[in-house]
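Participant: Sharing a structure, written as structure tokens. Questions coming.
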Amino acid sequence: MPSKRAAFGESLRMRMLVFFLIITLVSVAVLSTSFFVLTSGIIRENSNRLLVDLIRQIASDADDLFADAQRTLEMVANDPKIQQVLRAPYPPAVAERYSLELEVDNQLSFVHSYMKDIFGIYIIGANGMAYKSNFLSGKEGAWTQTSWYAEILRDEGTVWIGPHDGAFTVQTIEQPIITCGQSITDKATGRSLGVVLVDIEVETIRELLKGNLGGRGYIGLLDRRGNLVCGDGSLQAKRAEQAELAELAATVGRSSAEGSALGGAPGSRVGPYLTYSRPLETNSWTTFGVIPKKELTRDMGSITMLIALLFTGICLLDLLAALYFTAKLTNPLKKLMLLMKRVETGDFQVKLDLTSRDEIGHLAESFNLMVQRLDDSVRQLFANQQKLRKAQLTALQAQINPHFLYNTLDSVCWLAREDKKGEIVSTVTALTKLLRIGLSKGDEIISIREEVEHVRNYLIIQKMRYGSILDYSIQVPSELEEFRIVKLVLQPLVENALYHGIKNKSSPGVVDIRAEANNGAIVFRVSDTGIGMTPERVRALTQTLADPEGRSEGFGLRNVSDRIRIYFGDGHGLSFHSEPGKGTTVSFSIPLVRPDGTG
Amino acid sequence: MHLRRAPAGFPRAALLLGAALLLGAVFSACRRDASSPEGAAAPEAGGSPVIGFCQVNHANPWRIAETNDIRREAQARGYRLVLVDAQSSAEKQVRDVESLIARKVDYIILAPKEFAALRPAIVAARDAGIPLILVDRMADAVPGEDFLSFIGSDFVSEGQRVAEWMVGKMNGRARIVELRGEKGSSPEIDRAIGFRQVIEKHPGMQIVVSSYAHFERLEGQKVMEEIILAIGREFEAVYAHNDEMAIGAIQALKAAGIRPGKDVILASIDGGKDALKAVIAGELGVSVECPPRFARTIFDVIDAHRRGEAVPARIINQDRLFDIENAGEFIHDAF
Numbered sequence: 010m011p012s013k014r015a016a017f018g019e020s021l022r023m024r025m026l027v028f029f030l031i032i033t034l035v036s037v038a039v040l041s042t043s044f045f046v047l048t049s050g051i052i053r054e055n056s057n058r059l060l061v062d063l064i065r066q067i068a069s070d071a072d073d074l075f076a077d078a079q080r081t082l083e084m085v086a087n088d089p090k091i092q093q094v095l096r097a098p099y100p101p102a103v104a105e106r107y108s109l110e111l112e113v114d115n116q117l118s119f120v121h122s123y124m125k126d127i128f129g130i131y132i133i134g135a136n137g138m139a140y141k142s143n144f145l146s147g148k149e150g151a152w153t154q155t156s157w158y159a160e161i162l163r164d165e166g167t168v169w170i171g172p173h174d175g176a177f178t179v180q181t182i183e184q185p186i187i188t189c190g191q192s193i194t195d196k197a198t199g200r201s202l203g204v205v206l207v208d209i210e211v212e213t214i215r216e217l218l219k220g221n222l223g224g225r226g227y228i229g230l231l232d233r234r235g236n237l238v239c240g241d242g243s244l245q246a247k248r249a250e251q252a253e254l255a256e257l258a259a260t261v262g263r264s265s266a267e268g269s270a271l272g273g274a275p276g277s278r279v280g281p282y283l284t285y286s287r288p289l290e291t292n293s294w295t296t297f298g299v300i301p302k303k304e305l306t307r308d309m310g311s312i313t314m315l316i317a318l319l320f321t322g323i324c325l326l327d328l329l330a331a332l333y334f335t336a337k338l339t340n341p342l343k344k345l346m347l348l349m350k351r352v353e354t355g356d357f358q359v360k361l362d363l364t365s366r367d368e369i370g371h372l373a374e375s376f377n378l379m380v381q382r383l384d385d386s387v388r389q390l391f392a393n394q395q396k397l398r399k400a401q402l403t404a405l406q407a408q409i410n411p412h413f414l415y416n417t418l419d420s421v422c423w424l425a426r427e428d429k430k431g432e433i434v435s436t437v438t439a440l441t442k443l444l445r446i447g448l449s450k451g452d453e454i455i456s457i458r459e460e461v462e463h464v465r466n467y468l469i470i471q472k473m474r475y476g477s478i479l480d481y482s483i484q485v486p487s488e489l490e491e492f493r494i495v496k497l498v499l500q501p502l503v504e505n506a507l508y509h510g511i512k513n514k515s516s517p518g519v520v521d522i523r524a525e526a527n528n529g530a531i532v533f534r535v536s537d538t539g540i541g542m543t544p545e546r547v548r549a550l551t552q553t554l555a556d557p558e559g560r561s562e563g564f565g566l567r568n569v570s571d572r573i574r575i576y577f578g579d580g581h582g583l584s585f586h587s588e589p590g591k592g593t594t595v596s597f598s599i600p601l602v603r604p605d606g607t608g
Numbered sequence: 122m123h124l125r126r127a128p129a130g131f132p133r134a135a136l137l138l139g140a141a142l143l144l145g146a147v148f149s150a151c152r153r154d155a156s157s158p159e160g161a162a163a164p165e166a167g168g169s170p171v172i173g174f175c176q177v178n179h180a181n182p183w184r185i186a187e188t189n190d191i192r193r194e195a196q197a198r199g200y201r202l203v204l205v206d207a208q209s210s211a212e213k214q215v216r217d218v219e220s221l222i223a224r225k226v227d228y229i230i231l232a233p234k235e236f237a238a239l240r241p242a243i244v245a246a247r248d249a250g251i252p253l254i255l256v257d258r259m260a261d262a263v264p265g266e267d268f269l270s271f272i273g274s275d276f277v278s279e280g281q282r283v284a285e286w287m288v289g290k291m292n293g294r295a296r297i298v299e300l301r302g303e304k305g306s307s308p309e310i311d312r313a314i315g316f317r318q319v320i321e322k323h324p325g326m327q328i329v330v331s332s333y334a335h336f337e338r339l340e341g342q343k344v345m346e347e348i349i350l351a352i353g354r355e356f357e358a359v360y361a362h363n364d365e366m367a368i369g370a371i372q373a374l375k376a377a378g379i380r381p382g383k384d385v386i387l388a389s390i391d392g393g394k395d396a397l398k399a400v401i402a403g404e405l406g407v408s409v410e411c412p413p414r415f416a417r418t419i420f421d422v423i424d425a426h427r428r429g430e431a432v433p434a435r436i437i438n439q440d441r442l443f444d445i446e447n448a449g450e451f452i453h454d455a456f
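Heads up: the protein sequence lines correspond to chains D and V, in order.
Everything in the first sequence is counted per this note's numbering, starting at 10 for the first residue and increasing by one.
Everything in the second sequence is counted per this note's numbering, starting at 122 for the first residue and increasing by one.
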């Protein structure tokens with residue numbers, strides 16, 4: 010008997026649930042992971058490519074801007090009119106100086122008006138004059154004595170000066186400005202005539218960088234000395250991180266010519282980062298970009314969230330589905346189990362109410378049918394047993410029929426009076442044996458030998474009473490003697506033959522008992538030479554015995570017929586063969602049953 | 122030169138990743154912060170009062186001088202200044218004022234670009250309870266009611282003084298070319314009115330051409346060139362609403378072989394350094410001062426207002442007149 014309630018892990022439903030969940034979890038996890046890995050790879054690759062493209066584009070834009078400035082320098086330095094003005098000595102009259110200054114300013118302004126992105130063009134003449142293109146109020150100073158003037162004169166080409174507050178020679182609001190300058194060489198004499206300067210507001214450069222990284226990194230421009238000209242650090246990070254990032258970017262920008270790198274300083278607050286830098290063609294300044302890797306994975310955060318949500322959703326859905334389906338599957342089984350338990354305790358009045366047409370439905374049908382059959386069988390068995398007990402009791406009663414006992418004892422009494430000792434002994438011995446075999450320790454099945462012995466003793470006693478009118482013969486092959494038979498079947502047949510056959514005939518009669526093996530069965534025949542029966546009588550008797558409820562006057566016959574049928578099946582009833590005036594033969598067959606019970 | 126925009130950057134990167142990443146891109150787009158209000162870093166923290174200054178532009182020395190003066194004065198008095206530059210756009214200037222209101226500055230100094238267009242900004246500041254001081258130019262609002270105070274020059278008076286000088290110089294007889302300032306601005310309107318008020322009394326003085334040149338030097342030169350082309354030498358005087366246009370006109374005259382200060386006399390307003398140079402050079406007859414450096418007055422008003430004192434609704438700056446007699450004396454102090 011299995012335990013009343015299956016252990017947690019052993020329940021079919023739980024196992025199915027766990028199985029389904031594991032399958033789903035594993036497949037979803039594998040799917041999510043591969044999706045995540047693939048996606049983050051694409052993001053990193055794209056980010057890298059975009060960073061490179063972006064920095065190259067900015068470098069190209071900055072080069073365009075700076076090239077314009079350089080062209081302006083060339084244009085002014087090589088302008089014959091300018092050369093002529095600068096070649097002339099410092100005008101002694103102040104009125105003349107101012108007049109000239111305003112005139113040349115206008116000329117420079119005309120050039121400037123075609124260069125929208127530069128802030129100002131200035132000429133510092135070696136002769137002491139100074140001109141400007143932007144009409145801003147001129148500062149006063151000895152410009153030829155400044156370090157930048159000297160530096161520009163020294164240098165053959167264009168000198169680039171990093172960010173400084175305000176223009177050198179005019180009043181401004183002190184906004185950061187970068188300056189490029191070139192010396193003006195007299196084309197006639199090769200003498201230095203002064204320098205020309207072009208200012209670019211840092212704000213103009215910042216416009217090139219602004220917003221390009223969308224707050225995810227830092228892009229900027231370094232001058233030749235590695236000072237930050239300007240940067241767009243719209244990194245939404247703490248100020249400290251931003252400073253470190255700028256510092257880091259500057260290091261990268263200074264160290265590498267061109268290229269990208271992926272690195273991370275140990276202990277860095279910004280962590281690993283992606284970087285790319287590219288020097289400008291015009292002035293060897295460097296544009297650079299840095300994106301912290303954590304910024305790259307910022308999108309991954311939302312993707313991870315999405316995946317996690319999907320994962321949870323799928324698992325929940327799966328759990329619900331598994332719960333539902335396993336319930337659908339196992340609930341009928343549970344119901345079946347409960348009903349089965351009731352059947353176990355002997356309740357056959359159960360019925361599994363399932364209308365589904367699937368396997369479970371078929372199972373229910375089969376179960377119902379099985380219980381029904383079981384119920385029938387048990388009823389049958391019960392009825393048979395009742396009948397058998399009654400039959401056994403009756404057989405016993407028949408055997409120790411007081412009438413038979415009276416007759417026998419009466420015969421013994423007569424024998425005693427006649428002093429026939431030998432016959433008394435044989436009669437009493439026969440009666441003793443008859444009774445012993447009849448009781449036979451309560452066994453219902455006995456050997457054919459014992460049964461034959463029993464009937465023989467009966468016949469001995471009857472022979473004693475009836476004397477010459479009764480003769481008998483018993484022919485049972487010895488090889489059949491150890492097979493089994495229901496006890497007390499031959500004696501009632503013989504008794505019947507005696508009382509209804511031979512006794513009613515005036516002449517002497519013979520009772521013949523035979524047994525023979527036939528096709529795996531043993532056939533018994535009890536024949537008498539009595540008055541016999543009409544065919545109608547035979548038919549009526551056969552019908553009565555076939556009807557289980559039917560009553561017949563042949564009480565002994567009925568008892569024998571029932572018991573043979575109960576033990577050996579319906580096919581083993583009594584059959585009659587009779588002719589009026591000639592006699593009757595009652596026959597039946599039993600299967601070959603050995604003492605060990607085998608067939 | 123046209124500046125190409127750099128590639129779109131990361132939003133496009135996200136798009137490139139395709140539908141799978143669309144959601145991520147949307148998330149990141151949502152996270153992107155709105156751009157912070159323009160201008161200098163806002164000192165929002167408590168402590169010294171914050172003054173917002175809306176400048177029209179920094180394209181000429183007058184404006185630069187004014188801004189630098191206000192900066193200096195603010196620093197000297199311990200105020201914090203938030204400078205916004207409208208870059209010559211009235212629309213942007215309205216937005217600038219609104220952004221200063223949003224930042225809850227304590228005072229707003231506004232140099233209005235135009236008379237009518239700035240009214241909504243002034244009303245917005247009034248409704249927000251932020252005291253506003255109008256400088257240089259008037260706008261369409263009532264001083265002392267819509268805003269705290271106006272501080273600037275009397276442009277009508279400037280026009281009158283130029284006209285009086287010209288009448289004296291030309292003995293009441295001259296054909297005059299007028300170069301007008303930015304159309305619709307209060308100095309342009311008032312300097313034209315003041316000038317006319319005086320010359321109307323002198324039948325010999327007549328304006329033969331009146332053109333707009335936006336207060337700009339190159340524009341003044343260009344407009345003057347066109348006038349010379351149109352009417353030849355048939356004029357004796359030029360009245361420019363500011364120095365820049367006058368200096369531009371001088372270059373045009375010189376290029377056309379007309380001697381400024383001799384064949385044609387010129388007069389302008391502002392009194393800047395280049396104008397004084399032109400005066401000294403004998404090319405510009407007179408420049409009536411319109412001083413840009415009056416931050417001391419502005420901050421006196423603010424201080425008085427903070428002390429709870431009544432402040433005048435209108436303060437008019439004292440304008441000097443520079444000619445060949447005094448130009449050399451003042452040139453080093455000129456803006």
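Note that CB positions come from ideal geometry on N, CA and C, so glycine has one too.
Predicted, not measured: the structure shown is a model, and the values here were computed from it.
(1) Using DSSP with H/G/I as helix, E/B as strand and the rest coil, what is residue 585 of chain D?
(2) Report all residues from its chain with a CB closer than 6 Å to the CB of residue 356 of chain V; omit the five preceding and five following residues, and keep chain order.
(3) Following the continuous alpha helix (DSSP H) through residue 420 of chain V, name the residue where it begins and the one where it ends.
(4) I'd like the span of the beta strand (DSSP E) that includes residue 326 of chain V, first residue to last.
(5) Looking only at its chain, what residues have a beta carbon closer than 7 Å to the beta carbon of residue 179 of chain V, apart from the 5 residues adjacent to it on each side?
(6) Against chain D, which members of the segment 332-357 of chain V pass a CB distance test of less than 8 Å?
(7) By how many angstroms is the C-alpha of residue 418 of chain D removed from the C-alpha of residue 590 of chain D?
(8) Mind checking who residue 141 of chain D pairs with in its DSSP beta bridge?
(9) Which bits of chain V does residue 107 of chain D rub up against, with CB to CB less than 7 Å?
(10) Apart from the five residues just before and just after residue 24 of chain D, which ones in its own chain have a Cβ nearer than 6 Å to its Cβ?
(11) I'd like to know if residue 456 of chain V contacts chain D, where contact means its C-beta is closer than 8 Å to some C-beta of that chain.
(12) What residue from D/520, D/515, D/333 and D/596 has the CA that sits closest to residue 468 of chain D's CA?
(13) So that I know if they touch, is there some Cβ in chain V lying closer than 8 Å to that of residue 115 of chain D?
(14) For residue 373 of chain D and residue 31 of chain D, I'd like the C-alpha separation in whole angstroms.
(15) Anything in chain D within Cβ reach of residue 393 of chain V, meaning under 8 Å, just list it in chain order.
(16) Threshold first: 3 residues or longer. Then list the beta strand (DSSP E) segments lying entirely within the segment 423-479 of chain D, N to C.
(17) Please state whether DSSP places residue 568 of chain D in a helix, a strand or coil.
(18) Would you mind reading off the limits of the alpha helix (DSSP H) that contains residue 291 of chain D?
(19) Between residue 371 of chain V and chain D, is any beta-carbon pair separated by less than 8 Å?
(20) Between residue 182 of chain D and chain V, is the shortest Cβ-Cβ distance under 8 Å, so that the two count as touching?
(21) Just how far apart, CA to CA, sit residue 244 of chain V and residue 94 of chain D?
(22) What are the boundary residues of the beta strand (DSSP E) that residue 389 of chain V is part of?
(23) Please state whether the Cβ-Cβ distance between residue 364 of chain V and residue 334 of chain V is less than 8 Å.
(24) Does residue 239 of chain V come out as helix, strand or coil in the three-state DSSP assignment?
(25) If you draw a straight line from the C-alpha of residue 65 of chain D to the C-alpha of residue 167 of chain D, how long is it?
(26) Using 8 Å as the limit for Cβ to Cβ distance, is residue 181 of chain V near chain D?
(27) Return the bridge partner residues of residue 408 of chain V from the DSSP annotation.
(28) Tell me the residue span of the beta strand (DSSP E) that contains residue 191 of chain D.
(29) So residue 122 of chain D contacts chain V; which residues on that side make the cut at Cβ distance below 8 Å?
(30) If you follow the alpha helix (DSSP H) that residue 114 of chain D is part of, which residue opens it and which one closes it?
(31) Who does residue 298 of chain D pair with in a DSSP beta bridge?
(32) In chain order, which alpha helix (DSSP H) runs of at least 4 residues are fully inside the segment 274-315 of chain V?
(33) Helix, strand or coil: how does DSSP classify residue 69 of chain D here?
(34) Span of the beta strand (DSSP E) holding residue 664 of chain D?
Facilitator: Taking the definition as stated:
(1) strand
(2) 296, 298 and 329
(3) 416-427
(4) 326-333
(5) 185, 188 and 206
(6) 338, 339 and 342
(7) 32 Å
(8) D/131
(9) 398, 399, 401 and 402
(10) none
(11) yes
(12) D/520
(13) yes
(14) 31 Å
(15) 146
(16) 454-456
(17) helix
(18) Residue 291 of chain D -> no alpha helix (DSSP H), and no H or E assigned at all.
(19) yes
(20) yes
(21) 54 Å
(22) 386-391
(23) no
(24) coil
(25) 23 Å
(26) yes
(27) V/389 and V/443
(28) 185-194
(29) 339
(30) 103-121
(31) D/228 and D/285
(32) 276-291
(33) helix
(34) Missing from the structure shown is residue 664 of chain D; chain D here goes from 10 to 608 and no further.
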